[in-house]
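S.K.:
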Amino acid sequence: MAKRNRGKTLKRLPSNSRGNCPLCGRKRIKLLYSSKTESAQTVTVCKNCRQK
360 MAKRNRGKTL
370 KRLPSNSRGN
380 CPLCGRKRIK
390 LLYSSKTESA
400 QTVTVCKNCR
410 QK
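The sequence shown begins at 360 in the numbering used here and counts up one residue at a time.
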């Protein structure tokens with residue numbers, strides 16, 4: 360079964376899809392999931408913050 364959040368797909372994204380999570384502030388973590396903020400902006404967040 361293919362995994363969307365691994366391998367070649369991540370290599371094509373800027374910075375290999377890593378950065379600082381805007382919600383929890385963790386550094387150098389994979390930002391793979393999109394989430395809406397209170398001001399209706401769409402941001403990419405880490406796996407732990409995707410449900411928030």
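By construction, the Cβ of each residue, glycine as well, lies at the ideal position given by its N, Cα and C atoms. Just so it is clear, the structure is predicted and the values come from calculations on it, not from any experiment.
1) What's the call for LYS389, buried or exposed, on a 16-neighbour Cβ count within 10 Å?
2) Nearest-angstrom Cα distance between SER394 and PRO373?
3) To the nearest angstrom, how far is it from the Cα of ARG387 to the Cα of ASN364?
M.R.: This is what the structure gives:
1) As a position in the sequence shown, residue 389 is number 30, starting the count at 1. Classification of LYS389: buried, given that the 10 Å Cβ count is 16 or more.
2) Your numbering for residue 394 matches position 35 in the sequence shown. Your numbering for residue 373 matches position 14 in the sequence shown. Going by the C-alpha atoms only, they are around 18 Å apart.
3) Here the question's residue 387 lines up with position 28 in the sequence shown. Here the question's residue 364 lines up with position 5 in the sequence shown. Whole-angstrom Cα-Cα distance: 16 Å.
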